[in-house]
Every structure is written in structure tokens, then in C-alpha cells.
Amino acid sequence: MRQVTGGGLAVEKQGQKRANEPKLTATDEKIIALLREDGQMANLELARQIGISERSVGRHMRRLEEEKLARVVLMLDLEADGYELLAAVGIKVKGRPPQDVADDIALIEQVQIVILVAGAYDLEIQVLARTMAELTHVLEDRIAGVEGVKAVAPSLATRISKHEYQWVPFT
Amino acid sequence: MKAIQLDALDRGIIARLGQDARTSMRQIARELDVSEGAVRARVKRLHDAGAVRLAVITNAALNDRFPAFLWIDLAQQSAARPVVDALKAIPAITFVSTMLGRSDILAITLARDAEDLARFVNREVEGIEGIGGVTWTLGYRIAKHLYGRCAIVD
Numbered sequence: 006m007r008q009v010t011g012g013g014l015a016v017e018k019q020g021q022k023r024a025n026e027p028k029l030t031a032t033d034e035k036i037i038a039l040l041r042e043d044g045q046m047a048n049l050e051l052a053r054q055i056g057i058s059e060r061s062v063g064r065h066m067r068r069l070e071e072e073k074l075a076r077v078v079l080m081l082d083l084e085a086d087g088y089e090l091l092a093a094v095g096i097k098v099k100g101r102p103p104q105d106v107a108d109d110i111a112l113i114e115q116v117q118i119v120i121l122v123a124g125a126y127d128l129e130i131q132v133l134a135r136t137m138a139e140l141t142h143v144l145e146d147r148i149a150g151v152e153g154v155k156a157v158a159p160s161l162a163t164r165i166s167k168h169e170y171q172w173v174p175f176t
Numbered sequence: 051m052k053a054i055q056l057d058a059l060d061r062g063i064i065a066r067l068g069q070d071a072r073t074s075m076r077q078i079a080r081e082l083d084v085s086e087g088a089v090r091a092r093v094k095r096l097h098d099a100g101a102v103r104l105a106v107i108t109n110a111a112l113n114d115r116f117p118a119f120l121w122i123d124l125a126q127q128s129a130a131r132p133v134v135d136a137l138k139a140i141p142a143i144t145f146v147s148t149m150l151g152r153s154d155i156l157a158i159t160l161a162r163d164a165e166d167l168a169r170f171v172n173r174e175v176e177g178i179e180g181i182g183g184v185t186w187t188l189g190y191r192i193a194k195h196l197y198g199r200c201a202i203v204d
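Note that the protein sequences, when read in sequence, are chains A and B. Heads up: the first sequence begins at 6 in our numbering, then just goes up one per residue. Heads up: the second sequence begins at 51 in our numbering, then just goes up one per residue.
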């Protein structure tokens with residue numbers, strides 16, 4: 006599978022167990038829970054709340070980072086960045102492996118998420134656009150033009166009430 | 051929220067903190083060749099405007115679950131608000147939005163397999179008053195997943 010990295014973009018094959026796969030320890034889980042409440046909490050405060058030493062917190066944080074288990078990241082609000090439109094689009098594929106179609110669609114800048122799915126569609130994707138013209142361009146000129154795309158079923162988010170990313174592939 | 055002006059320095063800082071939000075201001079200042087005070091001021095402005103938030107992400111490679119998309123139709127249109135609130139309150143649901151198009155509401159969760167998802171929908175979702183029907187698609191591979199932007203709600 007194609008690997009694309011940079012700009013927070015991460016593509017990774019999932020669902021395959023690596024040998025000696027690193028796991029989150031109970032302490033890791035506690036650190037993550039506290040950082041979910043306050044991402045800027047200092048190591049000293051984390052240590053105090055969990056009841057371990059500051060050095061131990063530092064060690065856990067380094068391992069989370071080095072083993073690519075978890076990280077604290079800054080997320081930018083869609084509207085603050087001028088993105089008025091989020092479309093969730095189902096795609097039916099014909100005559101070409103869905104993975105290949107997914108890889109081609111993943112190259113489109115406005116496409117944030119591409120997931121191979123089982124069900125009424127072959128791919129579920131999410132597209133961000135600043136204007137309706139931009140969205141129309143992406144759907145009609147870019148995605149519909151990808152070889153193997155048989156049908157495109159868009160829907161538009163009218164009011165997003167919850168938007169969390171907790172489990173995300175990253176490299 | 052209204053769009054805010056973001057110049058090249060703002061974008062540079064956002065990109066750096068988007069990779070690791072615990073990077074020190076001093077480190078970012080050094081990398082972007084500006085003063086630490088400038089970085090601090092930019093970050094403060096973004097936080098004060100409510101334009102950014104911090105989140106902890108855990109690597110999906112550790113997880114044996116995949117995104118599942120629940121396409122929900124309402125029994126009657128007027129019921130959207132309570133149904134959205136009920137869906138939002140379920141911790142396993144990470145995305146909820148009213149929609150124009152394929153369904154009235156889209157909710158996203160994570161599921162191990164079809165059985166796991168069917169159970170979840172049956173136990174937690176279909177019983178919510180005001181829901182007319184749920185169809186779903188279950189992911190089995192992630193080809194691309196950016197996480198730098200999201201709707202900041204509440």
C-alpha cells in the first residue's frame with residue numbers, strides 16, 4: 006500500500022498485528038486520559054495526579070512518542086480555516102480494485118479521509134471545501150474522473166455536533 | 051465561528067503543533083527562525099479565538115477496530131435535536147452531524163467486525179426515540195486519514 010506522509014497526513018495499513026507489538030500500559034492510559042482533559046498539563050502535574058515520579062512520566066511520554074503509540078496534537082477548527090463545507094461521500098467502484106481507486110482519490114488535496122468499506126458502497130470519503138464551487142469541482146471533475154468510480158453519492162454536513170479523532174493512523 | 055486570517059507563520063506553527071503539540075515554544079521559534087515571544091503570541095491568539103484545540107490521538111495501528119458509518123433517518127424531521135443529543139452522549143460515537151443527502155444524520159463509531167457493529171447499533175442506537183431507521187457501512191482499511199482539522203464544538 007502506498008505510504009503518504011507529511012502535513013499530518015498518514016496512510017497506514019491496519020489490522021495486521023506486528024510482532025512484539027507495543028501496547029499501552031495502565032500508566033499510559035492514565036496519562037492519555039489526563040492529557041485529553043488538559044493537553045498542556047506539565048509532566049510534574051501528571052506525575053502528581055497519577056502518583057508516580059516526574060521522571061517516570063517523562064519516560065512514558067518518550068515511549069509513547071518513539072513507539073508512535075499516542076501523541077498530543079493541535080487541531081484547527083474547520084470554520085476558522087474557512088472550510089464551510091464538509092461532504093461525506095459514498096463511492097461505488099466497478100472494474101478496478103477498490104484499493105487502487107482509494108489510492109487515487111487519496112491524492113486529492115481536499116479529500117481528508119478515504120476508507121474502504123463493506124456495505125452499500127465500496128469507499129466512504131470525506132471532502133472539505135471552502136466554497137460550493139470548490140466542492141463541485143472536487144466531486145465532478147476530480148473524483149468522478151478517477152478510473153473505476155462508478156457512482157458518487159455525496160451528502161453535506163449541515164450542523165456538526167461532535168467531531169473527535171481518538172484513534173487515527175499516524176507514522 | 052468566522053474564518054480568521056492565518057499567515058505563513060501561523061500556518062507554520064499550526065503544522066508543527068499539529069505533529070506534536072508539546073513541542074516547546076523555544077524549539078518552534080528556533081525552527082521557524084522567529085522569536086519565542088512571537089510564537090507565544092500567535093499560539094495565544096489562536097487559542098483565545100477558539101480556533102484550535104488540543105487532542106490526544108492514539109495510533110489506529112494499535113487498534114483492531116475500524117470506522118463504521120451509521121446513516122440514520124429520522125421518524126419525523128422535527129426529532130433531529132433530541133436524536134443528535136442522544137447520539138452525542140454515546141462515548142463510542144466520535145462524529146455526529148445532521149446531513150443533507152444520503153440520510154438525515156451521520157454518526158461515526160469504531161467497530162471490530164460486522165457482529166460487533168450490529169450489536170452496538172441494536173443495543174445503543176436503534177432504541178433512541180425518534181430514529182426511523184439505520185443503515186451502515188463498515189470500514190476494513192484506512193487509505194487516508196488526516197486529523198489536522200475538525201469542527202470545534204462546545
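Here a beta-carbon is modelled for each residue, glycine too, at the ideal position from N, C-alpha and C.
Can you check the segment 58-123 of chain B for any beta strand (DSSP E) of at least 3 residues that lies completely inside it and give the ranges in chain order? Counting only runs of 3 or more, we get 102-109.
In terms of DSSP beta bridges, what is Val133/B paired with? Taking the second sequence and counting its residues from 1, one reaches residue 133/B at position 83. Val133/B is bridged by DSSP to nothing; it lacks a bridge partner.
If we ignore side chains and look at the alpha-carbon of each, how far apart do Pro141/B and Val106/B end up? For the purposes of this step, residue 141/B is taken as the residue at position 91 of the second sequence. For the purposes of this step, residue 106/B is taken as the residue at position 56 of the second sequence. Distance between the alpha carbons of Pro141/B and Val106/B is about 15 Å.
Is the distance from the Cβ of Ala134/A to the Cβ of Leu81/A below 9 Å? Translated into positions along the first sequence, residue 134/A becomes position 129. Translated into positions along the first sequence, residue 81/A becomes position 76. No. Outside cutoff.
Val175/B versus Leu160/B: straight-line alpha-carbon distance, rounded: As a first step, residue 175/B must be located in the second sequence, where it is residue number 125. As a first step, residue 160/B must be located in the second sequence, where it is residue number 110. Using only the alpha carbons, I get a separation of about 14 Å.
Since Lys167/A sits in a beta bridge, which residues does DSSP pair it with? In the first sequence, counting from the first residue as 1, residue 167/A sits at position 162. In the DSSP output, where bridge partners are listed per residue, Lys167/A has Val146/B.
Under 8 Å from the C-beta of Glu129/A: neighbouring residues of chain B: Within the first sequence, numbered from 1, the residue matching residue 129/A stands at position 124. Per Cβ cutoff of 8 Å: Pro117, Phe119, Thr187, Gly189.
Bridge partners - Ala30/B, DSSP secondary structure assignment: This structure leaves residue 30/B out entirely; chain B is present only between 51 and 204.
I need the DSSP call for Lys52/B, collapsed to helix, strand or coil. For the purposes of this step, residue 52/B is taken as the residue at position 2 of the second sequence. The answer is coil: DSSP assigns Lys52/B none of H, G, I, E or B.
When the Cα atoms are used, what is the spatial distance from Ala53/B to Lys155/A? Residue 53/B sits at position 3 when you count from the first residue of the second sequence. Residue 155/A sits at position 150 when you count from the first residue of the first sequence. When rounded, the distance between both Cα atoms is 35 Å.
May I ask you to report which of helix, strand or coil DSSP gives Ser160/A? Within the first sequence, residue 160/A is the residue found at index 155, counting from 1. Reduced to three states, the DSSP call for Ser160/A is strand.
Under 8 Å Cβ-Cβ, which residues of chain A neighbour Ser153/B? Locating residue 153/B in the second sequence gives position 103, where the first residue counts as 1. The answer, in chain order, is Ser160.
Bridge partner(s) assigned by DSSP for Arg199/B: Residue 199/B sits at position 149 when you count from the first residue of the second sequence. Arg199/B pairs with Leu81/A.
In angstroms with no decimal places, state the Cα-to-Cα distance between Val89/B and Glu81/B. As a working mapping, residue 89/B is identified with position 39 in the second sequence. As a working mapping, residue 81/B is identified with position 31 in the second sequence. Straight-line Cα distance between these residues: approximately 11 Å.
For Glu34/A, which three-state DSSP category applies? If you number the first sequence from 1, residue 34/A lands on position 29. Three-state DSSP puts Glu34/A in a helix.
Cα-Cα separation, Ala138/A to Ala125/A: By 1-based counting over the first sequence, the position of residue 138/A is 133. By 1-based counting over the first sequence, the position of residue 125/A is 120. One C-alpha to the other measures close to 28 Å.
Under the DSSP definition of a beta bridge, which residues are partnered with Ala134/A? As a position in the first sequence, residue 134/A is number 129, starting the count at 1. BP columns for Ala134/A point to Leu90/A.
In the segment 72-85 of chain A, which residues sit with their C-beta less than 8 Å from some C-beta in chain B, listed in chain order? Lys73, Leu74, Ala75, Arg76, Val77, Val78, Leu79, Met80, Leu81, Asp82, Leu83, Glu84, Ala85
DSSP state of Ser141/A mapped onto helix, strand, coil: By 1-based counting over the first sequence, the position of residue 141/A is 136. Strictly speaking, residue 141/A in this sequence is Thr, with Ser absent from that position. Of the three classes helix, strand and coil, the one that applies to Thr141/A here is helix, per DSSP.
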